[in-house]
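Novice: Same order as they appear, the protein sequences are chains B and R. Mapping of the first sequence onto numbering that gives the first Met the number 0: residues 0 to 479, in sequence order. Mapping of the second sequence onto numbering that gives the first Met the number 0: residues 0 to 479, in sequence order. We treat Cβ as the ideally placed atom computed from N, Cα and C, and that holds for glycine. Here the structure is a predicted model, which is why all the values come from computation and not from measurement. Provided herewith is a single structure, encoded as structure tokens, for subsequent inquiry.
2 protein chains.
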Amino acid sequence: MAKPAKQEFVQHITPRNENFSQWYTDVVLQTDLMDYTPVRGAIAMKPYGNRIWELIRESLDKRFTETGHENVSLPMLIPESLLLKEAEHVEGFAPEVAWVTQGGNEVLAERLAVRPTSETMFCTMFAKWVHSWRDLPMKYNQWCSVMRWEKTTRPFLRTSEFWWQEGHTVHATAEEAQEETLLMLEIYRELCEDVLAIPVFSGLKSEKEKFAGARATYSVEAMMQDGKALQAGTTHNFGTNFAIPFEIKYLSKDGDLKYCHETSWGVSTRLIGAVIMTHGDERGLKLPPRVAPFQAVILPIAAHKGGVMEHCEKALDQIKAAGIRVKLDDRDNVSSGWKFNEWELKGVPLRLEIGPRDIENDVATYMRRDTFEKGTLPLENLAEEVKKLLDEIQENMFAQALAFREAHTKNVYSFEELNEQVQGGYAKTMWCGSLECEENIKEQTGATSRNMPFDQTPIGDKCVCCGEKAQKVMYFSKAY
Amino acid sequence: MAKPAKQEFVQHITPRNENFSQWYTDVVLQTDLMDYTPVRGAIAMKPYGNRIWELIRESLDKRFTETGHENVSLPMLIPESLLLKEAEHVEGFAPEVAWVTQGGNEVLAERLAVRPTSETMFCTMFAKWVHSWRDLPMKYNQWCSVMRWEKTTRPFLRTSEFWWQEGHTVHATAEEAQEETLLMLEIYRELCEDVLAIPVFSGLKSEKEKFAGARATYSVEAMMQDGKALQAGTTHNFGTNFAIPFEIKYLSKDGDLKYCHETSWGVSTRLIGAVIMTHGDERGLKLPPRVAPFQAVILPIAAHKGGVMEHCEKALDQIKAAGIRVKLDDRDNVSSGWKFNEWELKGVPLRLEIGPRDIENDVATYMRRDTFEKGTLPLENLAEEVKKLLDEIQENMFAQALAFREAHTKNVYSFEELNEQVQGGYAKTMWCGSLECEENIKEQTGATSRNMPFDQTPIGDKCVCCGEKAQKVMYFSKAY
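Structure representation (structure tokens):
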């Protein structure tokens with residue numbers, strides 16, 4: 000096999016400003032995150048993509064446990080009669096349900112939905128499990144895949160099957176349910192900002208955009224490099240909307256039978272798409288250290304020369320012992336240039352090179368993926384220095400993404416300004432709160448309402464669309 | 000709520016020797032491991048059961064990674080045409096497949112199976128992913144649930160949906176595939192014996208009992224307390240059985256296009272059933288420390304007395320800091336007697352009590368769940384002593400289970416002896432290797448062949464059934 004030229008590895012990535020959508024597809028396919036399958040719209044997560052999801056899972060599970068949640072596993076098939084119990088919910092999901100109608104050789108009396116989401120199954124079980132106030136709150140989560148029969152699909156962003164976690168909780172009071180809804184939103188903000196290095200706007204969804212069956216839906220909204228929004232996570236307060244049809248009641252301390260208040264919340268493998276589109280560039284992926292399958296890669300330079308492999312292996316052991324995910328690329332069938340390109344493409348945050356000259360100077364040469372900056376690190380203190388650099392990279396990636404979002408977010412005061420701004424960013428504006436204006440904006444600009452920030456300090460007094468009295472501060476933008 | 004009498008908690012557990020099957024059901028339901036759901040034969044894993052499965056997963060994932068395997072996630076729906084590609088395979092699984100026939104409002108042109116196992120999907124992807132010898136071996140695993148439309152179901156042992164891991168690997172040579180098949184069998188043995196404290200027999204399945212589509216199936220077989228076998232894990236060597244119909248070929252070093260050799264292997268939530276039936280008793284569950292959600296529980300005695308809660312919390316922090324899963328049960332609405340019974344029922348390996356007298360003596364009082372032995376541990380060195388005791392409990396539980404199995408395993412030399420032995424244990428015997436004898440034995444004794452030990456030192460020269468020349472040493476027993 001001939002050694003390919005240095006450029007070959009990345010030459011097929013379309014520039015972002017030329018065709019962002021094609022750039023995304025190029026990056027996803029070339030970095031071995033996933034592959035298409037023979038099932039319409041369903042992807043296979045390959046080890047590299049799957050590992051990112053596992054790291055997100057570990058990160059969230061820790062936070063879920065710390066806040067008193069427990070994992071469970073509920074059935075993937077849901078009888079149609081359960082789905083039908085909450086009217087808005089079934090209306091929202093029925094068009095995209097995959098139905099099991101046969102089991103073995105038998106035609107089923109009742110169709111079973113491959114879960115598109117599990118509110119109805121959780122509610123059915125909660126009705127069995129909740130008896131008295133002592134059972135509350137009940138705070139469960141499950142990791143699974145769900146199925147939505149989508150017409151158009153894109154890897155990670157919209158697929159017929161995707162992987163997610165869905166939290167479902169039951170509370171005695173409306174106040175507690177609201178507290179939980181906001182707590183989980185904050186955990187999602189933390190995940191996005193502190194782990195994925197993606198700045199997000201937290202806020203309340205409009206009535207039009209809320210989850211089917213919810214009283215209120217909150218979201219964290221990220222901005223991709225084409226200026227479009229991506230809803231990165233949502234939390235829902237159901238009030239008693241499901242508790243009433245599913246008869247989830249508890250005996251209160253006073254001996255009264257009362258309806259429970261519920262929440263649900265989820266993030267999905269969509270987040271992998273968000274990471275790609277927030278940080279990636281013409282060289283490929285750029286992974287934040289905290290979710291990078293390999294945080295650093297060690298490349299031996301002139302590996303055949305005395306001492307090089309020994310030093311590389313020693314460095315590997317030291318860095319590994321410090322709890323850093325590191326790989327020694329000791330392949331001898333590709334050139335160093337090939338390896339440079341490959342690990343850049345795969346977005347590994349830190350590259351370390353160790354060759355004869357480095358050894359002479361007791362250093363490793365590094366290159367940061369976020370800035371392409373090069374330098375050296377003392378070998379004797381390598382693990383600690385690598386750790387510091389990874390923290391710096393993590394922070395810098397967040398700062399870069401934040402600067403981008405700030406440069407692409409603007410207060411707008413007229414429909415024309417709105418229309419211009421949403422062609423490549425977020426418009427923060429005043430809105431009368433009517434569905435009519437929301438739909439008009441969507442129709443005429445292609446932008447949807449994203450969310451209403453908690454800080455509702457008005458920036459004007461007239462609705463950007465109808466000019467009537469404004470009620471709400473709202474972010475609008477085009478969205479994935 | 001009135002405080003229940005001490006006995007109430009466990010009074011409904013049927014004695015094992017009276018009705019083992021009812022004992023199992025009682026224990027499963029009373030320990031909050033799972034619950035039934037509205038979907039036929041599908042259970043919900045509640046936090047306590049789900050956590051055991053997570054601990055098994057962590058334990059295996061570590062071993063899979065150490066032996067060079069990577070996790071992936073493949074689609075849950077498999078087009079019928081893929082299932083049809085390997086004749087024996089489809090014959091084995093078709094009768095128990097759940098079929099998706101509708102997506103949204105559209106009737107599908109081709110039915111999709113909810114995966115009963117994923118050989119056909121993995122093979123489809125491997126055919127895309129494997130090109131040259133440099134891609135091999137490719138060693139993947141996935142954690143997911145699978146669906147088999149079973150007629151009779153029992154919690155954990157046989158359910159329509161269950162959770163498992165399925166490893167799928169591709170190799171260049173038959174030798175490597177065989178090596179992998181045996182390596183994974185050894186990892187399963189290690190999991191059963193070192194983690195679950197369940198002794199197992201490793202060996203080769205008969206032609207009749209092997210996996211649909213495999214060249215050879217190996218298993219680890221455990222013995223339950225009713226003397227019946229439970230197949231705890233299987234590994235399969237497919238040879239080129241799937242590689243040929245799925246056209247999985249690689250370019251060898253010599254430039255030839257060759258078929259690949261494959262393996263698959265899996266264990267499931269069935270293992271939770273095995274833990275229950277290997278270790279449980281009339282007081283309920285008895286969990287081996289390495290998979291116990293709580294390895295120790297701390298109970299304050301006379302919690303209102305000065306210093307008791309402080310000492311309990313200090314003990315909690317110390318034990319937690321040592322990486323031990325520990326819970327402080329500080330409920331004030333149930334008696335200590337109630338708590339004793341509850342944690343015994345739930346199988347927590349070690350109970351620690353701290354009351355005024357203990358504090359006076361600078362000790363905690365303990366009770367081991369495996370032996371009901373009581374004693375004291377010095378408070379100043381508590382975490383270390385707890386750790387030691389947990390190791391002892393783990394070892395003792397294995398030793399007890401091993402002694403039970405040895406007492407219920409016998410060499411048999413005649414059909415009468417065989418018939419008697421398999422009423423409550425394993426019969427090790429000589430077998431001619433014919434399907435006819437295997438079927439005769441099953442029909443007349445209810446026992447099936449379990450596996451052929453690697454040590455094939457003959458214990459006789461005649462088949463226990465037909466009296467013809469014996470070929471194989473085989474274990475027979477009734478089985479789950």
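With H, G and I counted as helix, E and B as strand and the rest as coil, what does DSSP make of R:R62?
Specialist: R:R62: helix per DSSP, three-state reduction.
Novice: Let me check understanding here. Comparing Cα to Cα, which of B:E105, B:V99, B:N104 lies closest to R:G103?
Specialist: Considering only alpha carbons, the answer is B:V99.
Novice: With 16 other CB atoms within 10 Å as the buried threshold, where does B:Q455 fall?
Specialist: B:Q455 comes out exposed.
Novice: Could you tell me which residues DSSP puts in a beta bridge with B:H260?
Specialist: For B:H260, which the question treats as bridged, DSSP gives the partners B:H170.
Novice: Just curious, the beta strand (DSSP E) that B:V296 is in, first and last residue?
Specialist: Start and end: 295-299.
Novice: Thinking just about the alpha-carbon of each residue, which of B:E419, B:G424, B:N418 is nearest to the one in B:H407?
Specialist: When only C-alpha atoms are compared, the closest one is B:G424.
Novice: Give the interface partners of B:V96 over in chain R, defined as CB-CB distance under 7 Å, in chain order.
Specialist: The answer, in chain order, is G103.
Novice: What span of residues does the alpha helix (DSSP H) with B:V26 cover, start to end?
Specialist: Looking at the DSSP string, the run of the alpha helix (DSSP H) that includes B:V26 is 19-29.
Novice: Sort R:I297, R:T180, R:G254 by Cα distance to R:W342 and report the nearest one.
Specialist: If we check each option's Cα against that of R:W342, R:I297 comes out closest.
Novice: Please state the DSSP three-state secondary structure of B:D280.
Specialist: Strand, per DSSP.
Novice: Against chain R, which members of the stretch 126-137 of chain B pass a CB distance test of less than 9 Å?
Specialist: Answer in chain order: K127, W128, S131, R133.
Novice: Tell me whether the beta-carbon of B:F245 lies closer than 8 Å to the beta-carbon of B:A93.
Specialist: It is not a contact, given that the beta carbons lie outside the stated cut-off.
Novice: For B:V169, which residues of its own chain have a beta-carbon under 7 Å away from its beta-carbon, when the five flanking residues on both sides are left out?
Specialist: F125, V129, L135, P136, M137, I247, C259, E261.
Novice: Looking at chain R, is there any beta carbon in it that lies within less than 8 Å of the beta carbon of B:K409?
Specialist: No - not a single Cβ of chain R is within 8 Å of the one on B:K409.
Novice: Measure how close the beta-carbons of R:T13 and R:D25 come, nearest whole angstrom, since I'm counting them as under 8 Å.
Specialist: Going by Cβ atoms, the distance from R:T13 to R:D25 rounds to 5 Å, so yes, they are a contact pair.
Novice: At least one CB of chain R closer than 8 Å to the CB of B:L111: is that the case?
Specialist: For B:L111, the answer is yes, since a Cβ of chain R falls inside 8 Å of its Cβ.
Novice: Do you know offhand how far R:N70's Cα is from R:P377's?
Specialist: The straight-line gap from Cα to Cα measures roughly 44 Å.
Novice: Consult DSSP for B:C191 and reduce its assignment to one of helix, strand or coil.
Specialist: Helix, per DSSP.
Novice: Taking Cβ positions only, does R:N439 come closer than 8 Å to chain B?
Specialist: No - not a single Cβ of chain B is within 8 Å of the one on R:N439.
Novice: Classify R:R350 as helix, strand or coil using the three-state DSSP reduction.
Specialist: Three-state result, R:R350: strand.
Novice: Identify each residue in the stretch 42-57 of chain R for which the Cβ-Cβ distance to at least one residue of chain B is less than 8 Å, and report them in chain order.
Specialist: Listed in sequence order: I42, A43, M44, K45, P46, N49, R50, W52, E53.
Novice: Using the Cα positions of R:V472 and R:M429, report the straight-line distance between them to the nearest angstrom.
Specialist: The alpha-carbon atoms of R:V472 and R:M429 are separated by roughly 5 Å.
Novice: Between B:P299 and B:D280, which are expected to be in contact by the criterion C-beta below 8 Å, what is the C-beta distance as a whole number of angstroms?
Specialist: Between B:D280 and B:P299 the Cβ distance is about 27 Å, and since that is not below 8 Å, they are no contact.
Novice: Between which residues of its own chain and B:K326 is the CB-CB distance below 6 Å, once the five residues before and five after are set aside?
Specialist: Closer than 6 Å at the Cβ level, and outside the excluded window around B:K326, lie F293, V296.
Novice: Grab the span of the alpha helix (DSSP H) containing R:E442 for me, first residue to last.
Specialist: Run containing R:E442: 434-444, per the alpha helix (DSSP H) assignment.
Novice: State the Cα-Cα distance for the pair B:E174 and B:S218, rounded to the nearest angstrom.
Specialist: Answer to the nearest angstrom: the Cα atoms are 19 Å apart.
Novice: Can you list, in chain order, the residues of its chain with a C-beta nearer than 8 Å to that of B:M44? Leave out the 5 residues immediately preceding and following it.
Specialist: Excluding residues within five positions, the ones whose Cβ falls inside 8 Å are L32, M33, W52, W162, T268.
Novice: Just the Cα atoms here: how many angstroms apart are R:T64 and B:S205?
Specialist: Between R:T64 and B:S205, the C-alpha separation is close to 45 Å.
Novice: Just to confirm the assignment, what range does the alpha helix (DSSP H) spanning B:E359 have?
Specialist: Per DSSP, B:E359 belongs to the alpha helix (DSSP H) from 355-359.
Novice: CB of R:L401 to nearest heavy atom of the ligand HEM: below 7 Å?
Specialist: Among the ligands in the structure shown, none appear at all, so the ligand HEM cannot be discussed.
Novice: I need the boundaries of the alpha helix (DSSP H) containing R:Q393, first residue and last residue.
Specialist: Element bounds for R:Q393: 381-406.
Novice: With a 10 Å radius around its C-beta and 16 neighbouring C-beta atoms as the bar for buried, classify B:Q224 as buried or exposed.
Specialist: Buried, by the Cβ-count rule.
Novice: Just to confirm, are B:S159 and B:A273 a CB contact at a threshold of 8 Å?
Specialist: Not in contact: B:S159 and B:A273 (Cβ atoms no closer than 8 Å).
Novice: Compile a chain-ordered list of the residues in the stretch 58-86 of chain R whose CB is closer than 8 Å to at least one CB of chain B.
Specialist: Residues E69, N70, V71, S72, L73, P74, M75, L76, I77, P78, L81.
Novice: Using 8 Å as the limit for Cβ to Cβ distance, is B:P244 near chain R?
Specialist: Not an interface residue.
Novice: Counting C-beta neighbours from all protein chains within 10 Å, is the total for R:I458 16 or more, i.e. buried, or is it exposed?
Specialist: The residue in question, R:I458, is exposed, as its Cβ has fewer than 16 Cβ neighbours within 10 Å.
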